[in-house]
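These notes are about the structure you will find just below.
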Amino acid sequence: MSFMKTIFGTASVLAISATAVLADPAIIYDMGGKFDKSFNESAYNGAARWAEESGGKYREFEISDEAQREQAIRRFAEEGFNPIVTTGFAMSSALGAVAADYPDLTFVTVDGWVPDAPNVLIVSFTEHEGSYLVGMMAGLKSESNTVGFIGGMDVPLIRKFACGYAQGVLAANPDATIISNMTGTTPSAWNDPVKGGELAKAQIAQGADIIYAAAGGTGVGVLQAAFDEGVLSIGVDSNQNPLHPGMVLTSMLKRVDTAVYNIMKMGDDAKGGYMTFDLADEGVDYAMDENNAALVSAEMKSAVDAAKAKIISGEIKVHDYTSDDSCSVLKF
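Quick note: the sequence shown, position 220, residue 236 per our numbering, numbers continuous.
Structure, rendered in structure tokens:
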């Protein structure tokens with residue numbers, strides 16, 4: 017691993033206050049809930065693994081509207097939980113507002129950005145690298161030479177996924193066409209499987225025979241629509257291959273679970289700063305299991321693994337959209 021760069025209901029407040037233990041960690045899941053089959057669920061799996069292995073306890077909260085973010089963070093801070101982990105970039109503003117009031121606690125943002133806050137640990141991933149690998153897989157597998165990408169909320173982070181994916185597709189198949197859509201411009205874009213399904217069907221109508229969804233809970237709708245229409249999909253964050261065995265080509269693994277597990281394991285030793293998980297750390301990768309083994313030939317796997325090694329060595333440079341807000345191979 018490299019270091020670098022609500023209103024609560026009364027019952028919820030009472031439950032937290034009655035059970036809080038100083039220095040227990042806490043985690044707050046963003047919109048979509050902890051069982052979204054994607055980003056939040058990966059975070060939950062990391063926390064659950066830590067609790068099971070250590071015998072420790074942690075507190076959690078699932079926000080249901082944007083007003084709950086700051087109040088949830090502040091409530092846990094008042095009760096002395098440490099570290100306090102938040103998931104998603106939308107937590108950034110609320111986290112920055114609270115962290116300054118509790119300098120002796122450590123706050124964690126997974127995917128967020130809270131600069132100039134010495135007690136905030138900023139956790140990021142090289143999503144463009146993992147997306148490049150699944151893009152190669154799509155480029156090698158596509159029979160129509162047209163593949164799709166459906167993102168959640170239109171923000172630089174998700175464009176980072178899309179741009180990495182497009183680079184991988186074109187590296188494997190220079191003649192391919194990539195269709196790209198975002199679900200929306202507000203946080204509700206993460207939890208709209210109906211809209212995801214509609215976008216997927218529109219891309220299929222344009223010839224896409226493989227669709228990569230980087231859209232949280234919305235992506236579940238994308239994968240379902242792809243399955244219903246008989247085309248392949250690519251999952252994200254968690255291993256989504258089992259959702260539709262034999263029809264999910266692979267999943268871009270973003271090991272939020274590993275990050276949360278390691279941070280909870282640090283406990284009071286967790287401090288502010290920067291932590292990045294990349295291909296070399298196995299922070300991102302692509303998923304292979306019994307659900308997609310028949311879809312991926314030995315030649316495809318060999319080509320993707322060779323690219324993975326070259327990215328790790330530095331021989332292949334995957335452009336990071338967030339470095340300059342550009343993507344020469346994909347129009348947004």
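Beta carbons are placed, not taken as given, at the ideal position from N, Cα and C, and that holds for glycine. Fair warning: this is a prediction, and the values are worked out from it, not measured in the lab.
Practice problem: Please list, in chain order, all residues of the same chain as Cys343 whose beta carbon is under 6 Å from its beta carbon, the five residues on each side excluded. | Solution: In the same chain as Cys343, and ignoring 5 residues on each side of it, the C-beta atoms closer than 6 Å to its own belong to Cys179, Tyr337, in chain order.
Practice problem: For my contact list, Val114 and Ile79 are in at a C-beta cut-off of 8 Å; report their separation, rounded to the angstrom. | Solution: Going by Cβ atoms, the distance from Val114 to Ile79 rounds to 14 Å, so no, they are not a contact pair.
Self-check item: Closest by C-alpha distance to Pro41, when choosing among Asp321, Asp284, Met291
Solution: Check the Cα spacing between Pro41 and each of Asp321, Asp284, Met291: the tightest is with Asp284.
Quiz item: In whole angstroms, what is the alpha-carbon distance linking Glu95 and Thr103?
Solution: Approximately 20 Å between the Cα atoms of the pair.
Self-check item: Span of the alpha helix (DSSP H) around Pro55
Solution: Note on identity: in this sequence residue 55 is Phe, with Pro being the wrong assignment. Segment 55–70, the alpha helix (DSSP H) holding Phe55.
Quiz item: Hey, which unbroken runs of the beta strand (DSSP E) at 3 residues or more fall wholly within the stretch 105–131?
Solution: With a minimum length of 3 residues, the unbroken runs of beta strand (DSSP E) contained wholly in the stretch 105–131 fall at 123–126.
Quiz item: With respect to the beta strand (DSSP E) encompassing Arg75, which residues constitute its N-terminal and C-terminal limits?
Solution: 75–78 is the extent of the beta strand (DSSP E) around Arg75.
Quiz item: Can you give the Cα-Cα distance for Gly299 and Met291, rounded to whole angstroms?
Solution: Those two C-alpha atoms are separated by around 11 Å.
Self-check item: Start and end residues, alpha helix (DSSP H) containing Met152
Solution: It spans 143–157 - the alpha helix (DSSP H) in which Met152 sits, taken as one unbroken run.
Quiz item: At which residue ranges does the stretch 215–303 contain complete beta strand (DSSP E) runs of 3 or more residues, listed in the order of the chain?
Solution: Runs found: 226–230, 248–253, 264–270, 289–293, 300–302.
Quiz prompt | Boundaries (first-last residue) of the beta strand (DSSP E) holding Met169 | solution = Here the beta strand (DSSP E) through Met169 covers 162–169.
Quiz item: For the ligand SAH, is there a heavy atom less than 7 Å away from the beta-carbon of Ser196?
Solution: For the structure depicted, the ligand SAH is absent and the ligand set is empty, with no information on it obtainable.
Self-check item: Coil, strand or helix - Thr202 by DSSP
Solution: It is coil, neither helix nor strand.
Quiz prompt | Span separating the alpha-carbon of Val126 from that of Gly246 | solution = In this model, Val126 and Gly246 are separated by some 35 Å (Cα to Cα).
Exercise. Name the two residues that bound the continuous beta strand (DSSP E) containing Ala192.
Key: Per DSSP, Ala192 is not a residue of any beta strand (DSSP E), being assigned neither H nor E.
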